[in-house]
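Quick notes on the structure that follows.
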Amino acid sequence: MPELSSGSLVRGLWFVFPIEGAVIRAWASCFSGAERVYRDLELVSESRSLGRASGHTFVVQGQDYAVRFNVISMVRGHLECSLSRAGQPLSVASARYLFTALSLLKGGLIMIVAGFVVGTFQVVLELPWILTAVVLAPILLLVGRRYVGPFEFEGRTTGE
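Going by our numbering, the first residue of the sequence shown is number 15, and it counts up by one from there.
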């Protein structure tokens, strides 16, 4: 498990909050909506959410804690994760994609060309649309993964 907040499109996003001799780690998948919260190495909460906000509650040393995920922008890939104790906010961390104009242009052009080539094969070979989608989806995922930059993480402590 990571010691610092980190993430990628494939491996998901990790938010790390050190608190009073323990470490709270919250993980969110970029694809499936799966979320997990760990206290040190122990899984304390797990769920799946495809909504813009979700929450997890758990107890550490007799104290009630909550982790909340909030999607700020799906288009910009901006996710915020907050930790609170007994209803009082402790820390907030956020992650967002790092896009550059050149990477978007390259990725967009490659995706358009890939779509044109696969679409042409579909028409010429008279393939069913589902087969075309199955072939095109991995190409788009691989190309998109290459041209989406890394995540930028920032955090702030709101109170102890």
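Glycine is no exception: its CB is placed at the ideal position from the N, C-alpha and C atoms.
For clarity, every value in this text was computed on a predicted model and none was experimentally measured.
(message) For A151 and R90, what's the separation of their Cα atoms in angstroms?
(response) 21 Å
(message) Quick check on DSSP: helix, strand or coil for S61?
(response) strand
(request) Note down the Cα distance separating L104 from S59, rounded to an integer number of angstroms. (result) 19 Å
(request) Measuring alpha carbon to alpha carbon, tell me which of E17, L145 and S108 ends up nearest D54. (result) E17
(message) With the cut-off set at 8 Å, would you say F83 and S98 are in Cβ contact?
(response) no
(request) Output the boundary residues of the beta strand (DSSP E) element that contains F45. (result) No beta strand (DSSP E) contains F45, which DSSP labels as neither H nor E.
(message) Which residue wins for smallest C-alpha separation from F31, given the options C44, V81, E49 and T71?
(response) V81
(request) Answer yes or no: do A165 and A109 have a C-beta to C-beta separation smaller than 8 Å? (result) The amino acid at residue 165 is misidentified as Ala; the sequence shows Phe. A contact, by the Cβ cut-off of 8 Å.
(request) Within the same chain, show all residues whose beta-carbon is closer than 7 Å to that of G77, passing over the 5 residues directly before and after it, in chain order. (result) The amino acid occupying residue 77 in the given sequence is Gln; Gly does not appear at that position. Excluding residues within five positions, the ones whose Cβ falls inside 7 Å are R99 and A100.
(message) Quick check: L27 and A42, are their CB atoms within less than 8 Å of each other?
(response) yes
(request) Give every residue of the same chain whose Cβ lies closer than 6 Å to the Cβ of F29, excluding the five residues on either side of it in the sequence, and list them in chain order. (result) S19, A40, C95 and A107
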